[in-house]
Every structure is written in structure tokens, then in C-alpha cells.
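Here the protein sequences come in this chain order: W and V.
First residue of the first sequence: 724, per our numbering; consecutive thereafter.
First residue of the second sequence: 724, per our numbering; consecutive thereafter.
Protein chains: 2
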Amino acid sequence: MATAAVSYARENQKRFLEELKELLRIPSVSTMEEHKSDVQRAAEFVASELKRIGFENVDIIPSSGHPLIYADWLHAKGKPTALCYAHYDVQPPDPIDEWTTPPFEPTERNQNIYARGAVDDKGQLWMQVKAFESLFRSGNGKLPINVKVIFEGEEEVGGEAIAEYIRKHGDKLRGDFALVTDTELFAPELPTLCVGLRGLVYTELEAVGAMTDLHSGVYGGAAPNPLEALSRIISKLKDDSGRILIPGFYDDVQKPTDAELKAWKSLPFDEEHYRKTEVGSMVLTGEADYPVLYRTWARPTLEVHGMPGGFVAAGAKTVIPAKASAKISMRLVPNQNPDDILKKYESFVNSITPKGIQIKIKVHSKGEAIVVGTDNKYIKAATEALHDVFKKDTVYIRSGGSIPIVTDFENVLKIPSVMMGLGLPDDNLHAPNEKFHIPNFYRGIEAIINFFHRLAA
Amino acid sequence: MATAAVSYARENQKRFLEELKELLRIPSVSTMEEHKSDVQRAAEFVASELKRIGFENVDIIPSSGHPLIYADWLHAKGKPTALCYAHYDVQPPDPIDEWTTPPFEPTERNQNIYARGAVDDKGQLWMQVKAFESLFRSGNGKLPINVKVIFEGEEEVGGEAIAEYIRKHGDKLRGDFALVTDTELFAPELPTLCVGLRGLVYTELEAVGAMTDLHSGVYGGAAPNPLEALSRIISKLKDDSGRILIPGFYDDVQKPTDAELKAWKSLPFDEEHYRKTEVGSMVLTGEADYPVLYRTWARPTLEVHGMPGGFVAAGAKTVIPAKASAKISMRLVPNQNPDDILKKYESFVNSITPKGIQIKIKVHSKGEAIVVGTDNKYIKAATEALHDVFKKDTVYIRSGGSIPIVTDFENVLKIPSVMMGLGLPDDNLHAPNEKFHIPNFYRGIEAIINFFHRLAA
């Protein structure tokens, strides 16, 4: 579909990219208190652009954490209403010295733009905004369908504000479907819609031994060591094959349908290539009975993300730390209840905590898994819109990641989500040298334009 | 013994303390590259004072790390020669927010002086310098015995420079005995000489999994996790009772003599008081078959000091770190050979490293344990000198800590060491709120004065 909006988008690609760079320069790291004003600044940047291009009721909604951004344009009578979601906050950039170019100085190399948040999710948020601009400008200030925008600044820290807002102001947000641009293509040039996400329970085990840090020469052999205790606990959470040992953990796990499993098998996936070029490890780990896509998309897993405590600078310090902690998360699959899993986890951790150690379990976030159906007109229109851009059939995949908001759209607003993401598997999400493939940024804009045109038809 | 030197020391106590504060204000943290110039500054401060009070051949000896300080005064014909050792470098101050007053702003409270290095070892180094000053000033510029001073700035990071220097310039350093002021009293008001030290092997296990940090949603279930691998390794190094599981680890362990064990039993030691007020933990850990003093002084132990890697700031980040490491040290007892232990440790670690993880073992430092005899005239004179000050009999103890230099004095220079330390068990060595009991600073000065007078008699 070569519409006027698509032409407008093509003519303005360079400017769109320069604007995105401006947004990427704002270090809106939501988990770090010292970046709170940057997160606010990013919200203001986005909100002011929504206003400029033609949205109404643009509002920066404060919360106890970081603000939400709302905007709408609701004058397409008789046409469907899209609730458009993305997030403007980003992960911390560390380890900072592994970036080739600075994380908050977006840099173009090999048709990619490198920056923290390039693909997750500022680049994909800006895809939406620039699709809206193209539709407004080429449509005499009108959109082909009704649009409500809800962007958040806490996705990387659990999304409390939006979860609360949806529950309190569901009517204001409700549309016919949600558009979510925070996922990726299964492979380069392969149009993809994500129809399943894992849930997440993210905890921190805080362990206390002695009342103060102690000298390991003087007290080694008598004082409890919280880092050792945490290591002991972690080693008992999974067996060598990656199977989680928490009693009852797998009780409610729902298997994918046979049709899904069959479709996954036909995806272009080379395990050896994946190991070498994406993971870059000697071997792949995890439950060997399940193929890689099955175990990363549809099997629950447990990972340790960091163990603060003691001496972590370069060199040697002979300290027995008084306290230490372990950041541990679990990815959940459909039918596992986060509260139930958390209860089982807590009781197991308490049962294996070594004597002399006091453990406190802090919960950073929790959300359940979701699978959305492919048999609705929104998924169909999105499939066609992607075909317009890629000239190829779309594949339906799941993601091992978690977007709790999609669960809330399904369970609270009772609307299906279209997860149309243009990232690539090697985009280094949450890692150094995060990037977004620039042609995909442009394709995403056109796909959204076509998607809305097809829904208006 | 109320000598002129003791009188001089008493009259100048206030000034001595103010000078010590000046030295404590220099953050000579030897393990941190950014403090390299501070370590140099501390060396210059000490060397210039040695010159001022009357030493000859004062020299700041550069090394590939931090400098040594040498000085001598060798005109007491027919009298013994003391090699006087202490160190002017300190441990890092972290966790910095647990200090009541800043670590490098020495503060007096309750007859203590609080600062990093107050007791370990700047305060005890200054004890020596001020004893020398008192002897010079009251003795017409002469000392009662010959003195060679060797102070180092790398004790907290393994002491490479002094170890090398002793091996190359043994003749220059050789005396009849060494005086080492880097230990502590067994209890307040109880004169103590330390006659045994544990050895140390300090390692860092560097584990690598994937080639870059990965998102735990996308890769959780397939990518190896180095923090988990390290936890698994650590959990296999000791059993629940604290017994080290490295094959052959205990083969060469030498038991203390029956006489020593008997003497230790008569020391004023209340395990419950120690647990509550020194360690401050719910229980004591370690090999239950051995009493606390036995297991901290004469049993080898293994501790984890820090596990850098992944996300260690506040909040949540869903990363599978590409690499992580574990700082692990072992304390050794007499007859265990550090190289042999290291070999057994390395081969065991390699045998229990989970698949998919590459481990590199870095050695930060190693040194063997030592026990010095009590039947020499230097220990006898030191015992009498302490009686002069405390009016009590001296107890002979061991320390669980490690002073590799004492081993070198014994094995390379073939001279016995007198470990006369005035610290207290609750002085928070290597921990926040390190302190030195001010009356012990003054007593230490007088004890050294009396010790040298008795050796000259």
C-alpha cells in the first residue's frame, strides 16, 4: 500500500531518526534514583511531540514512581479504537566500559543506531509517534481510526503506576485492541507477531550473618558468611540440568498446543548458529529434554542477576561481609500463578537457609504469563500490514520475556494485544551495545500506517 | 621501669596522638589504583619523621607496587639489632555509609580513635616511631640497641615488594630478631604476645559464560549463568559443617602441642559473649568438633569475600551476566604448603565447574602459616617489658590472621619475630568504624621503650 502517509514517512526518515537520537540522549534509567529527573524529561519530550503532531488531551500523569503519558484522538466515528502502548524508560547501561560508543550518545554504524533504549523501547515508541505524525499530516489532521496513547516510564522496574492506573481508570483507556511495540522479529527480514509472553517474579534475597563486617583471618571458622549461604541456597534452587527444585513449581505449567509446537519446529532456527553468534557460549544449558525455543518460550526458568555484598572492587580484601544479597528472578509460563509460585519459593528458600543466617525476601515485581489468540481481526490486519512492508508471510512466535501490561490489557481491560515488534534477536537488549536496525525503524513506521489504514477500510 | 624515655613519652602523648591523626588522614588504600599517590604521600610522611627524630640512611625504596621505607641507627656496639616492621597501607573503607564518622577523618570517642588504619596498622607503626623518638631524645641522640626499620605499603595486598626485597637484600635487613607491631591483645588489659599466624591463599575465580550480557527473558533457559556456576562451585567447597571438601586439603595439617591446647583452655574466653558482642550472629559456624580458638587459630578455613558481576545496584535488572567472579581465600595452618594447597584447590575447582563455563583462577597472594618459639631472649625481654606496663603476666596466643612477612623473617632471614600488638578484639579491623584504644597506643610506646632497654641491659 503506497499511501500518502507512507510517502510522507519516507520523505521524513532522516528527521525522524535525528529526533529519535534526541530522545535517546536522555538517560531515563527508571531503576536509578539519580536519573529520576531524566525520566521526567523524557516524558516531557514525548508528550510535547504528541501535542505538536495533533493529539488531544495530552497529559503527563504523575505517579508515586515515574509518570504515565496519555493522549488521544477520537474523531474517527464508527472506526475501531486502538490503545497504543510503549515505554520511554530504559535499563541501566552498566557494564559501561563494554560499550563501543557511549550508551547515551546515539551513534550510527552499519545501518544500526547504537544506544541504551535504541530498540527497548524508545526506538519502537518513536515508530508509533512517527506513524501517527505521518497519518495526521497526510490526512488533513485526522487519523484513520481512533487512537488512545498510553506510554509508561516504569516498564523496566515492574510497571506499578500503569498497573494501578489501568485498574482505576479502565474506562478511559479501554479500546478495541492494544498495539504494543516492544518485541522483535524472529529473524532478520521475517515479519513476526508475538502472541505469547512469559510471566516474571523478581526477588532479592537479603542475607544477614554477623552484625558487622569481620576480618576473615580473625573470624574465619566461626562467623557465618552470607555470600556462602546465598551460594548454598542458589545451588539448591536448580539441579545440574536446569530443572527448578522448588516443590510444586511445575504443578500448573500449561503445555503449548500441538499446532504451536509444530509451527515452532518449522521456524528457521539453527541451534548451533544461535549458540555461537547469539549466546556465544561453549554449550547451551537448561532442560535438555526440551528444544531451545520450547524452553525459552514455554518453560519456566530461574536466573541469578547479581550478588551485591562484601568486596566487589578490583583486588583483594579479606572481609567476611555482615550482609549480602542475591537478585533472583523466575520466568513463568501460562497457568502458573505468580503469587502461588512466590509462596512456594519463599517457603523453599526458608527451608534451605543455612543456620546462622537471617533471610528477608524482597519482591521487586511479579506478573503472569500470557498467550493471545491469532484468530481476531486485529492480528489479521497486522499480518497483512506486515506483508505490505516485508512482502512475506508473518510467523507467530512467543517471547521468553515478560510484558506484564499485556496481561493487564487481557485480564483487566479485556482487550487483545497486537505485539508488533521490529527488534532483532542480536539487538543486545539490556546489555552493552544495544542497537536498533535503522531500516526496521522505518519499516515499523510504515507497518503501523498500513495497519491502521487496513483497520479503517 | 620509669626511665627518662618513658617520662618523655608521657609528656608528649598529646602531640604523638595529633601526629598520628595526620597520618590517618592520608587515605593510603593500597588495593585501589586511584589511591596510589596517597600511599606514596603516607610513605613520605613516615620517612620524613624517621629522619627528623634521628635515623640515618632513611630511604623510600620504590617498587613495582608501593614503596618500602628503610632507616637505621647502628651505633650501639655489642648490643643486639632489632629489625622493626609495620605497614602504612590500609584496607579500603567500604561499606562507607556504615562509618559513624568518616574513615579518613580520625575522631576521638570514648578513649578510642576511630579511622581506617587506626589500629591496622598506622597506629601501631606510630607506636614504634614515637618509642624511637623518646629513646633518641632522652638518650642524647642514641638508641639503647641497634635498630633497622623496614615499613611496607603493600601489606593489605600481599606484600610483594617486601618479599622480593628480603630475598634480594637479606644482608642489609638481617638483625637478631624482628619486632612486629600488627597484632592484638587477647583481651583488654591482658598483655599478649602472638606466637602463631595462619597462612593465606587468596584467589579470584573468574567465570565466563556467554560472550555478552543477555536478557534473562529472551535467553533464560539456554544461556549459561556464571553467577549460578560460581554459587554451585562455592557450595561444593565446604560441607554444611564448614569442613573443606578439597581432596587432600587436610593432609599436612599440624596439630597444636598439648601444652598450647591446655594454655588456650585457660584463657578468659566466653563463647557466648564472643558470639553476641564480637560476631553478633545467631550462631557460630564452622567445625563444631573444635573449640572456637582452636578453629580460628589452628584450623584452616575458607571464605568468600565478594562476587562481582551482573547487576549489583539497588533495584531490578533482568540480566544474565556474561562474566562474574568470586573472591575466595583460604587460611592455612602450620605445615600446609600454599603452593600444594593452591594446586589441590585449582584441580578441584576445575573438576566441579559446571559445563558451559570457563574458569580462570587468579592468585592475589599466598603465604604459609608460622609458629614461633617462646624460648628465646627476645620473647623473654618482651614479656618483661609488657609486665612493666601492665603489671600482669603475658599470655601467648596465636592469631587466625596472616602476616606473611613473619614467615619470611623466619625462613629467609632466619630470625625470630616478636609480635607485640596492642589492638583489641573489637577494634573492627578491615570493617567500618575501625578504632584504636588510645591508652593502648601510649602503653605500646612504653612497652617498646622498656623492651629495648631490657635488651640493652
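For each residue, glycine too, the CB sits at the ideal point set by N, CA and C.
| Check | Outcome |
| --- | --- |
| Alpha-carbon to alpha-carbon, T906 (chain V) and I1138 (chain V) | 19 Å |
| Own chain, CB closer than 6 Å to D899 (chain V), minus 5 neighbours either side, in chain order | P803, T804 |
| Buried or exposed (CB count within 10 angstroms, at least 16 for buried), I957 (chain W) | buried |
| Within 7 Å, strictly: CB atoms of A794 (chain W) and I783 (chain W) | no |
| Cβ shell of T830 (chain V) (< 6 Å), same chain only, five flanking positions each side left out | T824, Y837 |
| Chain V contacts made by the region 917-940 of chain W, where a contact means CB separation under 7 Å | R921, Y925, G932, A933, M934, T935, D936, L937, H938, S939, G940 |
| Buried or exposed by the 16-neighbour rule on C-beta atoms within 10 Å, applied to P826 (chain W) | buried |
| Residues sharing a beta bridge with S1088 (chain W), DSSP | W:Y925 |
| K961 (chain V) - DSSP class collapsed to helix/strand/coil | strand |
| Contact test: K845 (chain V) Cβ vs the ligand HEM heavy atom, cutoff 6 Å | With respect to the ligand HEM, the structure offers nothing, as it holds no ligand at all. |
| C-beta atoms of A1047 (chain V) and G1033 (chain V) nearer than 7 Å | yes |
| Supposed close pair G1123 (chain V), R1054 (chain V) - CB separation, criterion 8 Å | 6 Å |
| K871 (chain V) and L791 (chain V) closer than 7 Å at C-beta | no |
| Contact list for the region 1122-1151 of chain V against chain W, Cβ threshold 8 Å | S1122, G1123, G1124, S1125, P1148, N1151 |
| Length of the line joining the Cα atoms of G1096 (chain W) and T1117 (chain W) | 15 Å |
| Outcome for F973 (chain W) when other beta-carbon atoms lying within 10 angstroms are tallied against a minimum of 16 | The amino acid occupying residue 973 (chain W) in the given sequence is Tyr; Phe does not appear at that position. That one is exposed. |
| P850 (chain V) at chain W interface by Cβ criterion, 7 Å | Per the sequence presented here, residue 850 (chain V) reads as Met, with Pro not at that position. No, M850 (chain V) lies away from the interface with chain W (no Cβ there is under 7 Å from its Cβ). |
| Helix, strand or coil at P816 (chain V) according to DSSP, with G and I counted as helix | coil |
| Three-state class that DSSP yields for N869 (chain W) in the structure shown | strand |
| Complete runs of the beta strand (DSSP E) confined to the region 1031-1094 of chain W [at least 3 residues] | 1046-1055, 1081-1090 |
| Where G876 (chain W) falls: helix, strand or coil (DSSP) | coil |
| Same chain, Cβ closer than 6 Å to T1106 (chain W), five either side skipped, listed in chain order | T1117 |
| Collapsed DSSP secondary structure at D1098 (chain W) in the structure displayed | coil |
| Residues near K961 (chain V) in its chain [Cβ-Cβ closer than 7 Å; skip 5 each side] | I967, L968, L1025 |
| Chain W contact for N835 (chain V) (CB, 7 Å cutoff) | no |
| Interface partners of N948 (chain V) on chain W, CB under 7 Å | E1026, V1027 |
| Contact list for P1162 (chain W) against chain V, beta-carbon separation under 9 Å | Going along chain V, no residue has its Cβ under 9 Å from P1162 (chain W), so there is no contact; the nearest lies around 22 Å. |
| Cutoff 6 Å; reference P816 (chain V); Cβ partners in own chain excluding five residues on either side | P826, R839 |
| Of the residues V:P785, V:L953, V:R998, V:I1126, the one placed nearest Q1081 (chain V), counting alpha carbons only | V:L953 |
| Given V1056 (chain W) as reference, the closest of W:G862, W:P1023, W:N1073, W:V1027 once Cα atoms are compared | W:P1023 |
| Three-state class that DSSP yields for D782 (chain W) in the structure shown | strand |
| Close Cβ partners of L1152 (chain W) (< 6 Å) along its chain, the five nearest in sequence each way excluded | D843 |
| Amino acids of chain V, ordered along the chain, whose beta-carbon sits closer than 8 Å to that of T1019 (chain W) | V941, Y942, G943, G944, A945 |
| Interfacial residues, the region 864-890 of chain V to chain W, with Cβ spacing under 9 Å | E879, V880, G881 |
| Supposed contact pair K1083 (chain W) and E929 (chain W) - C-beta distance, whole angstroms, cut 8 Å | 4 Å |
| Cβ distance (whole Å) where G944 (chain W) is taken to contact T1019 (chain V) below 8 Å | 5 Å |
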